[in-house]
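Engineer: My questions will all concern the structure given below.
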Amino acid sequence: MIEVKNVKKTYFNDEVETHALRGVSFDVKQGEFVAIMGPSGSGKSTLLHILGFLDHPTKGKYRLDGKSIDQFDEPELAWVRNQKIGFVFQMFNLLNRTTVIDNVKLPLAYAGIKNGEQDELAKIALEKVGLSHRLDHTPSQLSGGEQQRVAIARALINEPSVIFADEPTGNLDTKSGNQIMDIFSRLHDEGHTIVLITHEPYIARFAQRIINIKDGLIASNKTNHKPIKKPISRR
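In this text, residue positions in the sequence shown follow my numbering: the first is 6, and each later residue adds one.
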């Protein structure tokens, strides 16, 4: 499903080269839950931007569902991001003056889905994350954990091939973070493919496989034989 072959990313600024990725290779199979770990500056966020078709590698190949990022022009890339990929970000990225249901519907509007069908699909997505009672609230009326659940519902709305989550618990307290990881575990059990970026070892342990990145290179790529299925109470 996801094929990354010797991907490199170099940024050029005032003739100074910064090598964010130095040759990264790995695969993700359909239905897998993979965590990518690394300290700040390791290259993990750069990698996620490439995986999410938000950036291009300087060198190397990246394929999603057998198609290379190089095969798409900008309108096609926008279609892939809308139809094939669900994003969950650390900062939620919700429209603060827009209701919960309208935030979740947004990808459907871009896809040209009729408004009545948008409402029905958004309600189903919000029910999956336990927020069917919050349809007409705005993000400012929700807790951080509830806002992240709205973001997950929005990511699910177009039934994407893969969900990319960038530090989804980074702005949450322990209880809310556990609730979010419980949702990701359930989504994985339902067959969703999930690639999650984190710097927390505990969060990574929910995944089937943990890839560690250091200085733009893969330091380890190991199967997690005992992924966490139910969040652990932490103090």
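By construction, the Cβ of each residue, glycine as well, lies at the ideal position given by its N, Cα and C atoms. It should be emphasised that the depicted structure is a prediction, and the values quoted were computed from it without experimental measurement.
Could you please give me the residues that DSSP links to N217 through a beta bridge?
Structural biologist: Per DSSP, M42 and S225.
Engineer: Between the beta-carbon of A25 and the beta-carbon of V93, is there less than 8 angstroms?
Structural biologist: No, they are not a contact pair.
Engineer: For K89, which of helix, strand or coil comes out of DSSP?
Structural biologist: Note: K89 maps to coil in three-state DSSP.
Engineer: Less than 8 angstroms between the C-beta atoms of L56 and I7, yes or no?
Structural biologist: Contact flag set, yes.
Engineer: For S73, write down the residues that DSSP places opposite it in a beta bridge.
Structural biologist: According to DSSP, which records beta bridges pairwise, S73 is partnered with R68.
Engineer: Do you know offhand how far D32's Cα is from A158's?
Structural biologist: So the alpha carbons of these two residues sit roughly 26 angstroms apart.
Engineer: State the DSSP-derived secondary structure class of R102, mapped to helix, strand or coil.
Structural biologist: DSSP places R102 in coil when its eight states are reduced to three.
Engineer: So, is the C-beta of F31 closer than 8 angstroms to a C-beta in chain B?
Structural biologist: Reference to chain B is not applicable here, since this structure consists of a single protein chain.
Engineer: Quick one: Cα of R214 to Cα of I188, how far?
Structural biologist: Going by the C-alpha atoms only, they are around 18 angstroms apart.
Engineer: In this structure, does DSSP put F17 in helix, strand or coil?
Structural biologist: DSSP places F17 in strand when its eight states are reduced to three.
Engineer: Given a cut-off of 8 angstroms on the beta-carbon distance, is the pair K219 and S47 in contact?
Structural biologist: For K219 and S47, yes; Cβs fall inside 8 angstroms.
Engineer: For N120, which three-state DSSP category applies?
Structural biologist: Helix at N120.
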